[in-house]
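Below is one structure, written out as structure tokens; comments come after it.
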Amino acid sequence: MRWQRALKMLLSPHKTFSQRSNLVRALMSYYFRRTEIDHYPVILYIDSSNRCNLSCLLCPSGTKREGRTMGIMQFDVFKQVIDEVSPYLWMVNLFNWGEPFLNKSIFDMVRYARERQIDVRISTNLNIFNDSIAENIVTSGVNTLIVSLDGASQESVEAYQHGNNFALVFDNLRKLVATKRALKSEHPTIIWRYIVNRHNEHEIDKAKVMAQEIGVDKIEFMPIRVDMGQELFQDQETQFASIQPWLPEDESLSMYDYQAKRRKGTPQRCSIPWFESVVHPNGSVSPCCGVWPEQYDFGNVQETSFLHVWRGEAYRRSRRINTGQHCDESEHHICAICNRNRAQIW
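Sequential numbering of the sequence shown, starting at -17, is according to the working numbering.
Structural data, given as structure tokens:
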């Protein structure tokens, strides 16, 4: 976590002393490179569903790749985790690999978290939508809704997001904005997230106009990444080779240096093991949102408590690796693999 973001969080209103104190303790633990910690995560990804109704070409869920148990998170598993960390947790992201609105309990989850003053973010492709869902998005208390729509026409969207319906999603976005206005609500912040690639870079200006036309709060242009299920297992040169067919012609729209054939900038020391964690639908716990193979997970909340995992040996080793205290070249730990490859994008 960057210091600028942490400061902005600390200055935000409507947070409890316990939440602020936990964030400060996390920052201190990271700064002093502590591997034995006494704080809780600041942000959790709780993947409400890793099943998806689309078939995006660089997503392991969309391509039906083996390696992770697929399913929908049950509300009691969600409640168990939230009850452990709720006095301290700042934000929960109810997404990771799949489509959250496939989970019939999604708005129960949102309300349960919001009642405990936890910010909630959801990322969706917004193909699953009706008037009831629109109203629930607004009234349940979702703080931020990210709509993944990678283009400004059916042709550009379909190039990557196989199965997506541009006209349908754009109309659903329009209806959601109208519902938010009708209910006179400040929330959620509605973000159109647009992953820039070779097939849609020519439509950026068009998308900006369309976003302004319907009144979304923000349109966010993000550079395309490599296959998200393989990213941590590839060094930067391999990443560049694998993603090259997708890279926009305009290098300024990419995270890669086309001449050096690697990412721009220098990877930062990974801070995620001090601040974040990921709980998958079956309760399995990953150190970050980029871990697809379940074999590298650190534990399961259906077998033990979340805190037992968060403060357990796999996490302690992760923090040692990410401070440079311990990184055996042959180690099979996922953070060691990521470090060897310099695969981190954070």
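Backbone N, C-alpha and C define an ideal beta-carbon position, used for all residues, glycine too.
Checklist entry - What is the rounded straight-line gap between the Cα of Asp132 and the Cα of Ile319? => result On the sequence shown, residue 132 is found 150 positions in, with the first residue counted as 1. On the sequence shown, residue 319 is found 337 positions in, with the first residue counted as 1. Their backbone Cα atoms lie some 30 Å apart in a straight line.
Item to check | Three or more C-beta pairs below 8 Å linking the segment 60 to 68 and the segment 81 to 97 | outcome: yes
Item to check | Nearest-angstrom Cβ-Cβ length linking Glu231 and Glu183, presumed shorter than 8 Å | outcome: Locating residue 231 in the sequence shown gives position 249, where the first residue counts as 1. Locating residue 183 in the sequence shown gives position 201, where the first residue counts as 1. Indeed they touch by this definition, with Cβ atoms about 7 Å apart.
Next on the checklist: I'd like the list of long-range same chain contacts for Asn179, defined as Cβ closer than 8 Å, with 5 residues on each side in sequence excluded.
Outcome noted: One-based indexing of the sequence shown puts residue 179 at position 197. For Asn179, where only same-chain residues beyond five positions count, the Cβ hits under 8 Å are Asp132, Ala141, Tyr142, Ile206, Trp228, Leu229, Pro230.
Next on the checklist: Going by DSSP in three states, Val120 sits in which element: helix, strand or coil?
Outcome noted: By one-based count along the sequence shown, residue 120 stands at place 138. Residue state, collapsed to three classes: helix.
Item to check | Per-residue DSSP class, three states only, for Cys38 | outcome: Here the question's residue 38 lines up with position 56 in the sequence shown. Residue state, collapsed to three classes: strand.
Checklist entry - Would you report the Cα separation of Val267 and Tyr278, rounded to the nearest angstrom? => result Counting from 1 along the sequence shown, the entry for residue 267 is found at position 285. Counting from 1 along the sequence shown, the entry for residue 278 is found at position 296. Each residue's Cα considered, the two are about 9 Å apart.
Checklist entry - How is the alpha helix (DSSP H) around Asn304 delimited, first residue to last? => result Here residue 304 is taken as the residue at index 322 of the sequence shown, counted from 1. First-last of the alpha helix (DSSP H) with Asn304: 295 to 304.
Checklist entry - Does DSSP classify Lys144 as helix, strand or coil? => result Numbered from 1 along the sequence shown, position 162 holds the residue referred to as residue 144. A quick correction: the sequence has His, not Lys, at residue 144. Correct three-state label for His144: strand.
Next on the checklist: Which residues does DSSP list as the beta-bridge partners of Glu258?
Outcome noted: Working through the sequence shown from its first residue, we reach residue 258 at position 276. Bridge partners of Glu258: Ile25.
Next on the checklist: Once DSSP output is grouped into helix, strand and coil, what is the label at Lys246?
Outcome noted: The residue you call residue 246 lines up with position 264 of the sequence shown. Three-state DSSP puts Lys246 in coil, outside helix and strand.
Checklist entry - Of the choices Ser105, Asn107, Val74, Ile88, whose alpha-carbon is the least far from that of Asn118? => result Locating residue 118 in the sequence shown gives position 136, where the first residue counts as 1. Among Ser105, Asn107, Val74, Ile88, the Cα nearest to that of Asn118 belongs to Ile88.
Checklist entry - Looking at the structure shown, is Asn321 part of a helix, part of a strand, or coil, going by DSSP? => result Within the sequence shown, numbered from 1, the residue matching residue 321 stands at position 339. Here Asn321 sits in helix by DSSP.
Item to check | Contact under 8 Å by Cβ, Ile303 with Asn323 | outcome: In the sequence shown, residue 303 corresponds to position 321, counting from 1. In the sequence shown, residue 323 corresponds to position 341, counting from 1. Not closer than 8 Å, so no.
Item to check | Met52 - containing beta strand (DSSP E), residue span | outcome: Here residue 52 refers to the residue found at position 70 of the sequence shown. No beta strand (DSSP E) contains Met52, which DSSP labels as neither H nor E.
Checklist entry - Pick from Val129, Ser130, Asn147, Ile128: whose alpha carbon is nearest that of Glu137? => result To locate residue 137, count along the sequence shown from 1; it is residue 155. Among Val129, Ser130, Asn147, Ile128, the Cα nearest to that of Glu137 is on Asn147.
Checklist entry - How would you write the range of the alpha helix (DSSP H) that Thr220 sits in, first residue to last? => result Numbered from its first residue, the sequence shown carries residue 220 at position 238. 218 to 225 is the extent of the alpha helix (DSSP H) around Thr220.
Checklist entry - To which residues does DSSP link Asn179 through a beta bridge? => result Here residue 179 is taken as the residue at index 197 of the sequence shown, counted from 1. The partner list for Asn179 (beta bridge, DSSP) is empty, contrary to what the question assumes.
Checklist entry - How would you call Asn32, buried or exposed, if buried means at least 16 neighbouring beta carbons within 10 angstroms? => result Translated into the one-based positions of the sequence shown, residue 32 becomes position 50. The residue in question, Asn32, is buried, as its Cβ has 16 or more Cβ neighbours within 10 Å.
Checklist entry - Taking just the CA atoms, how far does Glu295 sit from Glu18? => result One-based indexing of the sequence shown puts residue 18 at position 36. One-based indexing of the sequence shown puts residue 295 at position 313. Going by the C-alpha atoms only, they are around 9 Å apart.
Checklist entry - When the Cα of Leu108 is compared with those of Lys166, Gly44, Trp174, Tyr22, which residue comes out closest? => result Counting from one through the sequence shown, the residue named residue 108 turns up at place 126. Out of Lys166, Gly44, Trp174, Tyr22, Trp174 has the C-alpha closest to the C-alpha of Leu108.
Item to check | For Tyr12, the three-state DSSP class (helix, strand or coil) | outcome: Locating residue 12 in the sequence shown gives position 30, where the first residue counts as 1. Residue state, collapsed to three classes: helix.
Checklist entry - In three-state DSSP terms, what is Arg103? => result Counting from one through the sequence shown, the residue named residue 103 turns up at place 121. Residue state, collapsed to three classes: strand.
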